[in-house]
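J.: Convert by adding 528 to the 1-based position in the sequence shown; the result is the number in my numbering.
Cβ atoms here follow ideal geometry from the backbone N, Cα and C, with glycine treated the same way.
Quick one: the structure is below, questions incoming.
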Amino acid sequence: MTFRQDIHSSGIPVLCFPCEARRRGVCGALDPDNLVGLAKTCSRRRIESGMELTGEAQNVDSYSNVLSGVVKLSKSLSDGRQQIVGLQFAPDFLGRPFKVESSINAEAATAVTLCSFPRAAVERMMKASREFEHRLLKQTLNELDEAREWMVTLGRKT
Numbered sequence: 529m530t531f532r533q534d535i536h537s538s539g540i541p542v543l544c545f546p547c548e549a550r551r552r553g554v555c556g557a558l559d560p561d562n563l564v565g566l567a568k569t570c571s572r573r574r575i576e577s578g579m580e581l582t583g584e585a586q587n588v589d590s591y592s593n594v595l596s597g598v599v600k601l602s603k604s605l606s607d608g609r610q611q612i613v614g615l616q617f618a619p620d621f622l623g624r625p626f627k628v629e630s631s632i633n634a635e636a637a638t639a640v641t642l643c644s645f646p647r648a649a650v651e652r653m654m655k656a657s658r659e660f661e662h663r664l665l666k667q668t669l670n671e672l673d674e675a676r677e678w679m680v681t682l683g684r685k686t
């Protein structure tokens with residue numbers, strides 16, 4: 529498939545051109561040069577429903593954009609049960625920068641497609657692009673707002 533090169537698509541990697549994360553996710557904050565640099569480090573993968581993406585207390589070596597599907601975030605309780613603490617959809621960013629160990633479990637709730645980047649590449653890009661860092665912070669704050677809304681909803685049921 530060929531894409532017309534014009535003022536809106538010039539310099540954008542072919543892999544990134546149709547991607548929702550480029551339009552509405554964190555990658556949308558990157559100029560074409562930075563996008564090319566990050567794209568060189570990425571890998572796309574498809575994960576089947578029920579498969580673990582990250583385990584609690586597991587070392588984090590990469591972050592991902594959710595391209596399709598639903599990711600369930602949960603915490604393990606001392607009695608062995610799991611508490612769902614969030615859901616992530618396209619084009620959400622999956623991972624917690626600057627943290628070496630995961631504090632949650634991430635599991636594919638449905639079949640999921642991810643675009644994954646090495647941890648070092650994302651943290652380098654955050655230093656190189658203020659807009660990228662800002663977009664990531666904005667998404668994180670939106671997730672915090674959603675968590676607060678969930679707490680209100682759950683509080684009404686008790």
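Measure the Cβ-Cβ separation of L581 and A636 and say whether it is below 8 Å.
T.: Indexing the sequence shown from 1 puts residue 581 at position 53. Indexing the sequence shown from 1 puts residue 636 at position 108. Their beta carbons are under 8 Å apart, which means L581 touches A636 by this criterion.
J.: For the alpha helix (DSSP H) holding P560, just list the boundary residues, first then last.
T.: Position 32 of the sequence shown, counted from the first residue, corresponds to residue 560. Start and end: 560 to 567.
J.: Tell me which same chain residues have a C-beta within less than 6 Å of the C-beta of R663, skipping the five on either side of it?
T.: As a first step, residue 663 must be located in the sequence shown, where it is residue number 135. Once the five neighbours on either side are set aside, the close Cβ partners of R663 are V554, A557.
J.: If you count every other CB in all the chains shown that lies within 10 Å of the CB of K685, and 16 or more means buried, which is it?
T.: Against the sequence shown, residue 685 aligns to sequence position 157. K685 is exposed by the Cβ-count criterion.
J.: Where does F545 sit, in a helix, a strand or coil, going by DSSP?
T.: The sequence position of residue 545 within the sequence shown is 17, counting from 1. DSSP places F545 in coil when its eight states are reduced to three.
J.: Taking the C-alpha atoms as reference points, what is the distance between Y591 and C570?
T.: Here residue 591 corresponds to residue number 63 of the sequence shown, with the count starting at 1. Here residue 570 corresponds to residue number 42 of the sequence shown, with the count starting at 1. So the alpha carbons of these two residues sit roughly 10 Å apart.
J.: In the DSSP assignment, find the unbroken alpha helix (DSSP H) run with Q667 in it and report its ends.
T.: Locating residue 667 in the sequence shown gives position 139, where the first residue counts as 1. Note, Q667: alpha helix (DSSP H), 658 to 684.
J.: Taking the beta strand (DSSP E) that G614 belongs to, which residues open and close that run?
T.: Within the sequence shown, residue 614 is the residue found at index 86, counting from 1. From DSSP, the beta strand (DSSP E) with G614 extends over 610 to 616.
J.: DSSP three-state label for C570, please.
T.: One-based indexing of the sequence shown puts residue 570 at position 42. Looking at C570 - three-state DSSP - the assignment turns out to be coil, as it is neither helix nor strand.
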